[in-house]
Amino acid sequence: MKALTTFGVAAIMVIGASSLAWSADTHVTVDGQAYAFQTAPQQRNGAAFLTINNADTQEHILDSVSGDVAGHIEIHSMSMDGGKMEMRKLDSLPVPAQSHVALTPSGYHLMLIDLNAPLTLDQDFPLSLHFKDGSVIETSVRVVKPGTKPE
Ligand SMILES: [Cu+2]
């Protein structure tokens, strides 16, 4: 009974923290507000940031991301290499059991390649996060001033 009670509390907390996300698998959610930086008219690419929370006792793997905002969307990592920032395309991004992965301007991020239109301030656009187990999370991304976060 104790295990059941604990699980119930965890599930309520996850739902409360992610009212903007929906998942077929309620173990995995987007925490807080996903966001992207405003882009200049000639800018072809943008980047989106969010935190993926995994309340499950097993790992879930982000496999791909889709959305109408760009021609295609890649999962990237960013690291320092010989004093300069380097981005790398990842095939997938594991979210460890009972943990979370934060996608931020200085680390993992979603690269929006070949934008269909510039990202304008306060605009919201949808993204679908596809996981290896077949589950999909729909989330709404808010466009903010470069270098800032949503309130
Ligand atoms: Cu990138």
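All residue numbers for the sequence shown refer to our numbering, where the first residue is -4 and numbers rise by one.
Backbone N, C-alpha and C define an ideal beta-carbon position, used for all residues, glycine too.
Short Cβ contact (9 Å threshold) for residue i with residue j
| i | j | result |
| --- | --- | --- |
| A43 | H104 | yes |
| L110 | A65 | yes |
| E133 | P141 | no |
| S74 | R83 | yes |
Classification of residue i by the beta-carbon crowding that lies within 10 angstroms, buried from 16 upward
| i | result |
| --- | --- |
| M(-4) | The pLDDT assigned to M(-4) is 42, lower than 50, so where the model puts this residue is not dependable; a value taken from the coordinates is nonetheless given after this. With fewer than 16 other Cβ atoms within 10 Å, it is exposed. |
| A92 | exposed |
| A112 | exposed |
| G129 | exposed |
| S18 | For S18, the pLDDT reaches just 48, beneath the cut-off of 50, and the residue's location in the model is therefore unreliable, leaving the point undetermined. |
| A16 | Any reading at A16 must be qualified, since the residue scores a pLDDT of 48, below 50, and its modelled position is unreliable; no value is offered. |
| L116 | exposed |
| L85 | exposed |
Integer-rounded CB distance, given that residue j should sit under 8 Å from residue i
| i | j | result |
| --- | --- | --- |
| Q33 | V131 | Actually they are not in contact, since the Cβ atoms of Q33 and V131 sit about 27 Å apart, beyond 8 Å. |
| L189 | F126 | Since the first residue of the chain shown is -4 and the last is 146, residue 189 is not available in this structure. |
| G41 | L114 | 5 Å |
| V96 | Y30 | So it is not a contact: roughly 16 Å between Cβ atoms. |
| M106 | H55 | Not confirmed; about 21 Å, so no contact. |
| T21 | N48 | T21 to N48, Cβ: 11 Å. No contact. |
| V60 | S123 | 7 Å |
| G62 | I68 | 6 Å |
Per DSSP, the bridge partner or partners of residue i
| i | result |
| --- | --- |
| L85 | I70 |
| R137 | Y30 and D119 |
| V96 | I47 |
| H22 | H22 is not bridged to any residue. |
Min CB distance residue i to chain B below 9 Å
| i | result |
| --- | --- |
| P113 | Absence of chain B from the displayed structure is noted, only one protein chain being present. |
(request) Report all residues for which the CB-ligand distance to some heavy atom of ligand 1 is below 5 Å; order them along the chain. (result) H71, M82 and M106
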